[in-house]
Every structure is written in C-alpha cells, then in structure tokens.
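Down below is the structure, laid out as structure tokens.
Protein chains in written order, with this note's numbering: chain A, 20 to 181; chain B, -16 to 434.
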C-alpha cells in the first residue's frame, strides 16, 4: 500500500476512534460479568401469596443457580403465576397451595404475572424475580452514559459532515 | 436536511390525490369503531374477553405507538374515525367539496390556540386510565364522549378544531410526529408566496382548505399537520409534496416552541413512567389506588401523577437549564431556552412509550384472538379462535428490546439537545446538564420497565 493510502486509513481511524471507543465501552458495560458476590447455589423454598391484584412478596431475589420452589397460595380467587424468561406457569385455587420448581440458571430480572383472569386489573398483576445480585442499576447507568455520549458525538459528527 | 419526495412519482401522486383510497380506509375505521362501541357498551363486562377493550387498548394502541406514530407520525389522524361523523356533517359530504360548510363556522378562540386544552384533557384521562383500560363500559363511554364532542365542536367551530385543539390523542401524536420520517412540505416557498389565492388554506373546487388550520406554505414542523392530503389536492401549482426526511428533522430547527409543547413533553414522559409503575410494576397498593376512583387513595395517586408530570419533571429540568446557562451564559430568555431544549424530551418520551407499549401489547396480544371470534363475549366462536388460551409472546426477548429502545432514545435525545444548544447559543455546553437529566430519566425508566 502506498504512503497516502496508509495516511488516509490513519486519518479515518482517528476520525472514528470515538465511535470505536464508545462501542467498546458499551460492550464492556453490557457484557462484563457482575461484580456482586456469587453465592453457592442453595435449595430455596418461597411462599408467595396472591390476592387481587398483587403478589406478596412482590419482588423475589435468589442467587443464580438456586433450586427454587415457589409455593403459590391464592387467598381470594383463582390466581396463577407465569414466569417470563423461564416460560413456566402454575395455577392455584383459593386456599390451596401450588408449587413451581425450577433452577434459577438465567441471571437477570424477570416479571411473573397472573395467568388466570382474576378481575378487572388482572393484566396488571405482576411481580419480579431477581436472579443474582449483580449491579444491574450501575450497569444501566453505565450504558445510559455511553448512549448519551454516543448521541453527543453523533451531533458533533453530524455538524462536521453537514 | 435530506429529503426525498415520494410524490415525484405520478402513480403515488395520483393515489394520494384520489379521495377514494382514503375514504375506504376511513369507512373501515368507522366500521371498526362501531363494533368497538357495540362490544364495549353491550358486550361482556369482562375486559379481557371484550372486543372493545382488547381491540382498542391492546390492538389499536400497539399499532399506533409501536408502528404508526414512529413511522408515519400523524398518519393515523388521516383515517381516525372519531372526528369523521362531525366532519362529514360539517362538510355535508363524504368526498369532495359540496358548497358552504354546515354549522356556525366560528374561529377557535385565540386564547385556546395552543396545546394546553389537550394537556388538561389528556391529564384528566390519564388519572382514570387504569380503570378505563380495563372496564368495557367506561371505554365505550370515553369513545362515545369523544365522538359527540367532535360533532359538537364541528358544528360550532370551523374545520377540525376538535382534532387540532382538543383531542387528547392527537396532542401526543403531534408531539411525537416530529420524530417521524414522513411529512408534508412545500417544494418551493416562493411559489406559495406569489400564489395570491392560497387555495391550500382557503380551499377550491378540488379540495378543502387545510382542515388543521395550517398554512402549508409555512409548514416547518409535523406537529399540527394531520396528513389529510387536502393541500396536495388544492395546490394548482403542484407545489406540495409528501416527503421522506431524516427522522427528527423538526427537533433541531430554530422554530419557536412554547411552554405548552414543553409541558406536553413532560406530561407524556411522566405518564409513561407512572403507567410503567402502575401497570408493569410489582406494587399492589399503587394499582389499587389507581383503580379506586373517588377514594382518598385514588386522589393521592392522581395528585402524585399530576405533581410528577407538571411539577417534579419540569422543576428538575428547569434546574438543568439554569445550570446550563451558568456553564454557558446565553442572551436568550430562560423561557426560550427551557422550551427549546425541551425538544430533547421527544425522542426519549417516544422510546419510553414504545417500550411500555411493547411489553403491554405482546403480553396481552393473545386476548385478541378469542375477542375477535367472540366480540361480545356471548359464547360465539365465529373464527374458531374463541378457545385460544392466553399466551404471552416473546416475553424473554422484550426486556432486551426495551433496554435497546430506551438507550437509543436517550442517544437521540442527547443528539437533539446538543444540536439545539448550538442553535440557541452557538455552544453545546448549555445543553450538557439537560443531557445529564435525560440520563437520569433513562436510568429510572430502565429500572421501571426492565429492572
């Protein structure tokens, strides 16, 4: 390759360096393993009471790899649990306990929601399962900062090229 | 800004000028609305089995917020069935002009020519929406009320005053239409300047004067243009075009924004966050409060929503603007800087609404199949799908897509803020605190929607 070609490539790399750096930073923040302590998996049995239109507790936190059994107790009418991400569900009649067992092998936050029409606000009957105590909030904050910097860089670049 | 004229092709121009395709779509929408009203008012009271509730709040809402508004801006307004009875009555025609308009034809009061009435009506609906969304009768009554209001306004005031100044849906579609990649613009403003009759505004035997009370020759933003295509029909110089343009072109221009538009942005962003907490969050007490209309708990919820949208968000945003002016002193008034930088709320707000709607719609879309087969909930099975069980679609993929949407919206908002800062002050630093404000807002939305 001629000297001028190398020079053009160098100039291009210099021009695109912020984009490359932002891309790398975004990937790093998004895919870096969690910094939280990774506890050994345990057997975990959790009682979840369902009544219109909430679960108690509404937020469940387990460690990645835990063998989890949710004991669903419906206190008023028939309720169910459908667990997003794991695609599991179970239904409990009033006063009865239904069990849902699974290995929490997917880290992250997952909604669980009532799977049986239980009243007007049924579509809003939702709880959360947190698998792993990773620094999710810090990860989002990091990704948000990277996204904002990308927008600022884009605006500067737009100005330079237009 | 780059733009590409879709109407440069004779076939496209002919289809868009022809009234029949639009009328057919309008009639289909009217038929759908009648079915929705019938189901909502006389069908089963179980929301998830009632076609009225499912079609409007899952089907229509999803199509509107996820596809129609981001891709076509106010395209929905061109076929929306709500104002059509009033408009047809006012025009005394389903198609072209048939003589003078029916009704008083008064001009909309000058003091109300802004977005405040729409903001107030949207806020009034927002505080009762948890119930309206789930109760068929209330859904029917709200829709019937909007149709009757549109008819009454059409008989008293000129053109589409209801759509332009009152419709709560039209208000936010207009706000987010600024981000859309499609719009109507004139090709050459000097042609408009020399055209004495201004038939695009006054009308001609070829079509109506702009129903949205906009002079197309000065159209710089999508907010108030209903894409009804009348100006395409009435311009004798073929000087009006439907264009594809860089999405969000309207957001970094120098055209003045008012506080009404800024507060529309806060109201929409705030209600998206509150809806995410109420409808997708794990807080049962909040859901109960939102649904207990008339109770003290509901009053607290309503006050909280209004306070958040009209006070907390604008107040903190004002703090960011003041900080920006300290970093980079500006000769422009505080009001002007505040209103201009509020354009940054549009991409973030739109992405928040798309992310919220995506989760809500995909989880509940399967209710549509039984409702289509048994619209009234009376035990019919017209399409053989009445027994389809509830199944949430793509529930594993949705959080990732929501996160990408919110982060993309944030990047776009930062882009808009920086460009607006430069347009205001020649110095992007005035916008940096606003970018920081958008980052914090995005982290909050990520926590509510994905976390």
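All C-beta atoms, glycine included, are put in the ideal place defined by N, C-alpha and C.
Cβ neighbours of residue 397 (chain B) within its own chain (closer than 7 Å, five residues either side excluded): 418 and 421. Residue-level contact check: residue 63 (chain A) does not touch chain B, since none of the beta carbons of chain B fall below 8 Å from its beta carbon. Counting C-beta pairs closer than 8 Å gives fewer than three between the segment 173 to 187 of chain B and the segment 347 to 359 of chain B, which falls short of the contact rule. Along the segment 44 to 111 of chain A, the beta strand (DSSP E) occurs as fully enclosed runs of 3 or more residues at 62 to 70, 73 to 75, 78 to 81, 86 to 93, 98 to 102 and 107 to 111, listed in sequence order. At a C-beta separation below 8 Å, residue 29 (chain B) has these neighbours in chain A: 136. Annotation for residue -12 (chain B): 224 and 226 place their beta carbon closer than 7 Å to its own, counting only its chain and skipping 5 residues before and after. Under a criterion of Cβ atoms nearer than 9 Å, the residues of chain A adjacent to residue 118 (chain B) are, in order, 139. Contact of residue 274 (chain B) with chain A is assigned, a C-beta pair being separated by under 8 Å. It is roughly 11 Å from the alpha-carbon of residue 170 (chain B) to the alpha-carbon of residue 215 (chain B). For residue 360 (chain B), the closest Cβ of chain A is not nearer than 8 Å. Here residue 187 (chain B) is bridged, per DSSP, to B:190.
Taking C-alpha positions only, residue 341 (chain B) is separated from residue 174 (chain A) by approximately 28 Å. Within the segment 127 to 198 of chain B, the alpha helix (DSSP H) runs of at least 4 residues that lie entirely inside it are, in chain order, 144 to 148, 151 to 160, 172 to 177 and 182 to 185. For the segment 375 to 394 of chain B, residues whose beta-carbon sits nearer than 9 Å to a beta-carbon of chain A comprise 375, 378, 379, 381, 382, 386, 389, 390, 391, 392, 393 and 394. Distances from the CA of residue 405 (chain B) to each of B:429, B:246 and B:235 were compared; the closest alpha carbon is that of B:235.
Scanning its chain for C-beta atoms nearer than 7 Å, with the 5 sequence neighbours on each side dropped, one finds around residue 301 (chain B) the residues 321, in chain order.
Residue 39 (chain B) sits buried, since 16 or more C-beta atoms from the chains shown fall within 10 Å of its C-beta. Annotation for residue 125 (chain B): 115 place their beta carbon closer than 6 Å to its own, counting only its chain and skipping 5 residues before and after. With the criterion set as a beta carbon lying under 8 Å from some beta carbon of chain A, the members of the segment 241 to 274 of chain B are 261, 262, 263, 264, 265, 266, 267, 268, 270, 271 and 274, in sequence order.
Within chain B, the residues whose beta carbon sits less than 7 Å from that of residue 155 (chain A) are 434, listed in sequence order.
Listed along chain B is no residue with a C-beta nearer than 8 Å to that of residue 121 (chain A); the closest approach is about 14 Å. Not a single CB atom of chain B sits nearer than 8 Å to the CB of residue 113 (chain A). Identification of chain A residues near residue 122 (chain B) by a Cβ-Cβ cut-off of 9 Å yields none; the smallest Cβ-Cβ distance measures about 11 Å.
Residue 212 (chain B) and residue 276 (chain B) have their C-alpha atoms roughly 42 Å apart.
For residue 65 (chain B), the closest C-alpha among the options B:104, B:145, B:139 and B:48 is that of B:145.
Using a Cβ-Cβ cut-off of 7 Å, residue 347 (chain B) is close to 142 of chain A, given in chain order. In this structure, the beta-carbon distance from residue 333 (chain B) to residue 162 (chain B) falls below 8 Å. For residue 120 (chain A), the beta-bridge partners assigned by DSSP are A:88. Per DSSP, the beta bridge partners of residue 128 (chain A) are A:149. In the three-state reduction of the DSSP assignment, residue 0 (chain B) falls in the helix class. Less than 8 Å divides the Cβ of residue 388 (chain B) from the Cβ of residue 337 (chain B). In this structure, the beta-carbon distance from residue 160 (chain B) to residue 112 (chain B) does not fall below 8 Å. Residue 281 (chain B) and residue 273 (chain B) do touch by the CB rule: their CB atoms are close to 7 Å apart, below 8 Å.
Classified as buried, residue 393 (chain B) has 16 or more neighbouring CB atoms from the shown chains inside 10 Å of its CB. Relative to the Cα of residue 110 (chain A), the nearest Cα in the group A:162, A:169, A:67 and A:155 belongs to A:67.
Rounded to whole angstroms, residue 293 (chain B) and residue 78 (chain A) show a C-alpha spacing of 30 Å.
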